[in-house]
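Participant: Numbering of the sequence shown is given in the numbering used here, commencing with residue 8 and proceeding in unit increments.
Don't be surprised by glycine CBs; every beta carbon is placed ideally from N, CA and C.
Just so it is clear, the structure is predicted and the values come from calculations on it, not from any experiment.
Before anything else, here's the structure in question.
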Amino acid sequence: MERHRFTERSASSHTPEERAEVRKHHHTHSLRRRFEVLETLGRGTYGKVKRAVERRCGKTVAIKSIRKERLRDDLDRAHIQREIEITASLVHPNIIRLYEVFESRERIVMVMEYASGGELYDYIQDKQRLSEEEARHFFRQITSAVQYCHKNGVVHRDLKLENILLDKDLNVKLADFGLSNRYMRGQCLDTFCGSPLYASPEIVNGLPYHGPEVDCWSLGVLLYALVYGSMPFDGTSYSILKEQIRHGRYKIPDILSEARSLIGWMLTVKTEDRATVEDIASHWWLNRNSTLPRQKHKERTLTTNSSFVLLPPLESSSHNQPTKGILKNLYNQVEYTDRSVSAGNGMAATCEDVGRIGTDNGRKR
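Here it is, written out as structure tokens:
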């Protein structure tokens with residue numbers, strides 16, 4: 008059977024109806040005039056995320072500022088382009104919202120929803136272990152967000168506790184779509200990306216995959232962590248970790264949990280036997296004592312404005328910037344291959360998770 012290589016061209020082939028409507032505003036207010044920028048929330052490869060307050064209405068937001076000088080090539084630019092496009096297209100109560108995008112000569116700025124509760128990872132670290140009911144509450148919302156992504160042809164590919172944020176009411180907000188992509192039935196993806204502790208067997212084996220199945224494996228790792236307070240695969244080296252994942256050999260805790268069968272279904276090596284997100288969402292354990300109302304997802308617009316280049320940006324000119332706008336569609340130019348994590352060079356080498364393999368604040372897991 009012929010396998011279709013899923014390139015960035017096919018990744019952008021969704022219909023205009025699937026895209027967020029872009030409302031363009033032309034004015035000269037700078038970010039500093041519109042927002043009071045406060046403390047740094049985090050740092051990444053390309054820049055910082057800071058908390059900010061909109062001066063006019065007092066709304067708190069998170070501002071992700073990406074310095075263009077740190078984008079090494081078209082692969083990095085495509086990475087940012089995709090994150091913006093996909094995040095803008097997703098409207099769900101358990102997914103971080105993207106409000107506005109600005110682009111100047113020096114940087115790209117994303118104005119996003121602020122999740123004041125921090126990372127789910129830190130929440131679990133502080134509590135050591137969650138009650139089964141609390142684990143169900145979080146996992147139900149995570150599953151709802153991932154199911155919505157899959158229904159809209161998006162695979163996240165980097166589901167982990169650090170990418171799940173909490174609002175002030177401890178509701179889940181799925182974040183960081185930097186490694187996400189669109190997938191289509193009958194086509195395969197072959198970018199090997201994500202975090203080692205959450206990687207599926209097909210990822211560590213360097214095999215092509217359709218998309219949703221790698222998220223479902225990661226959901227299994229997440230549920231295990233929520234219920235047991237540790238990671239299912241805890242190899243002290245990447246080679247050991249890879250063997251554990253490849254054969255689906257995870258540790259069985261002494262703690263009894265009714266979620267055990269669901270975890271095992273998601274952590275099934277054979278993709279054809281692994282639980283789908285629909286299987287997970289309809290599982291009896293997830294729906295026990297469910298009081299969640301049916302959620303309606305309203306269409307919204309993505310506002311792009313200020314004296315920065317609009318989305319999509321205008322073609323560069325000699326008096327503006329020396330290179331093309333980052334938000335220009337790069338899909339016809341780039342076949343994306345993730346460099347930081349690949350099956351060939353050892354996934355553990357560049358992932359922050361590696362420092363936590365086998366330990367938990369100094370304790371052996």
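Is L196 helix, strand or coil when you go by DSSP?
Facilitator: strand
Participant: Roughly how many angstroms separate the alpha carbons of G193 and H217, rounded to a whole number?
Facilitator: 8 angstroms
Participant: Can you list, in chain order, the residues of its chain whose CB lies under 6 angstroms from that of Q424, leaving out five sequence neighbours each side?
Facilitator: In the structure as shown, the chain begins at 8 and stops at 372. Residue 424 is therefore absent and cannot be evaluated.
Participant: Identify, in the order they occur along the chain, each residue of the same chain with its Cβ nearer than 6 angstroms to the Cβ of Q328, setting aside the five sequence neighbours on each side.
Facilitator: Below a pLDDT of 50, predicted positions are generally treated as unreliable, and Q328, at 33, falls in that range; the measurement from the model is reported next regardless. Correct list, in chain order: R112.
Participant: Along the chain, where does the beta strand (DSSP E) containing L274 start, and where does it finish?
Facilitator: It is not in any beta strand (DSSP E) - L274 carries neither H nor E in the DSSP assignment.
Participant: State whether the segment 163–176 contacts the segment 119–129, with contact taken as three or more CB pairs (one from each stretch) at a distance under 8 angstroms.
Facilitator: yes
Participant: Compare the C-alpha of W291 against each of D280, T278, G65, S268 and name the closest.
Facilitator: S268
Participant: Does the structure place the segment 248–256 close enough to the segment 265–280 that three or more beta carbon pairs sit under 8 angstroms?
Facilitator: yes
Participant: At a cut of 8 angstroms, does the segment 134–150 reach the segment 201–208 through at least three beta carbon pairs?
Facilitator: No, they do not touch.
Participant: With 16 as the cutoff for other CB atoms within 10 Å, does T47 come out buried or exposed?
Facilitator: exposed
Participant: Can the beta-carbon of I73 be found less than 8 angstroms from the beta-carbon of I103?
Facilitator: no
Participant: If we ignore side chains and look at the alpha-carbon of each, how far apart do K167 and G236 end up?
Facilitator: 14 angstroms
Participant: Can you look up G49 in the DSSP assignment and give me helix, strand or coil?
Facilitator: strand
Participant: In angstroms with no decimal places, state the Cα-to-Cα distance between W272 and G51.
Facilitator: 34 angstroms
Participant: Assuming L196 and P219 are in contact, meaning their beta carbons sit under 8 angstroms apart, how far apart are those beta carbons, in whole angstroms?
Facilitator: With 8 angstroms as the limit, L196 and P219 do not qualify as a contact, their Cβ atoms being about 10 angstroms apart.
Participant: Provide the residue span of the beta strand (DSSP E) that contains R62, from first to last.
Facilitator: That residue, R62, is in no beta strand (DSSP E); it is neither H nor E in DSSP.
Participant: Any contact of the segment 147–163 with the segment 55–71, i.e. 3+ C-beta pairs under 8 angstroms?
Facilitator: no
Participant: Below 6 angstroms CB to CB, which residues in the same chain sit around I270 once its five sequence neighbours on both sides are set aside?
Facilitator: G227, L230, Y231
Participant: Does the beta-carbon of Y155, which I'm using as the reference point, lie nearer than 7 angstroms to any heavy atom of the ligand GTP?
Facilitator: In terms of ligand content, the structure shown is empty, and the ligand GTP therefore cannot be addressed.
Participant: Could you tell me whether the Cβ atoms of V234 and S264 are closer together than 8 angstroms?
Facilitator: In this structure, S264 lies closer than 8 angstroms to V234 by Cβ.
Participant: If we ignore side chains and look at the alpha-carbon of each, how far apart do L45 and C64 end up?
Facilitator: Roughly 16 angstroms separates the two Cα atoms.
Participant: Given that a residue counts as buried once 16 or more other Cβ atoms are within 10 Å of its Cβ, and exposed if not, what is E76?
Facilitator: exposed
Participant: Inspect the beta-carbon positions of I90 and G185 and report whether they are closer than 8 angstroms.
Facilitator: A small fix is needed here, since residue 90 is Glu in this sequence, not Ile. Going by C-beta atoms, E90 is nearer than 8 angstroms to G185.
Participant: Using beta-carbon positions only, say whether N101 and N178 come within less than 8 angstroms of one another.
Facilitator: It is a contact, given that the beta carbons lie within the stated cut-off.
Participant: I'd like to know if the segment 36–43 and the segment 51–61 are in contact, where contact means that at least 3 CB-CB pairs between them fall below 8 angstroms.
Facilitator: yes
Participant: Within its chain, find whatever has a CB closer than 6 angstroms to the CB of Y53; leave out the 5 residues flanking it on each side and keep chain order.
Facilitator: If the five residues before and after Y53 are omitted, its C-beta is found closer than 6 angstroms to the C-beta atoms of I73, R77, all from its own chain and listed in chain order.
Participant: Assign I259 to one of two classes, buried (16 or more other C-beta atoms within 10 Å of its C-beta) or exposed (fewer than that).
Facilitator: exposed
Participant: Checking the sheet assignment: what are the DSSP bridge partners for N178?
Facilitator: None; N178 has no bridge partner.
Participant: Leaving out the 5 sequence neighbours to the left and right, which residues in its chain are closer than 7 angstroms to V118 when beta-carbon positions are compared?
Facilitator: V68, I70, Y106, E107
Participant: Of all the options Y245, V221, D183, P239, which has the alpha carbon lying nearest to the alpha carbon of Y190?
Facilitator: V221
Participant: From the DSSP output, in three-state form, read off G54 for me.
Facilitator: strand
Participant: Pull up the CB-CB distance for C223 and R281, whole angstroms please, since I reckon it's below 8 angstroms.
Facilitator: 6 angstroms
Participant: For E209, tell me which candidate among K249, I87, G242, E120 has the shortest Cα-Cα distance.
Facilitator: K249
Participant: Skipping 5 residues on each side, what residues in its chain have a beta carbon closer than 6 angstroms to that of S225?
Facilitator: L166, Y205
Participant: Under 8 angstroms between the Cβ atoms of K180 and E120?
Facilitator: yes
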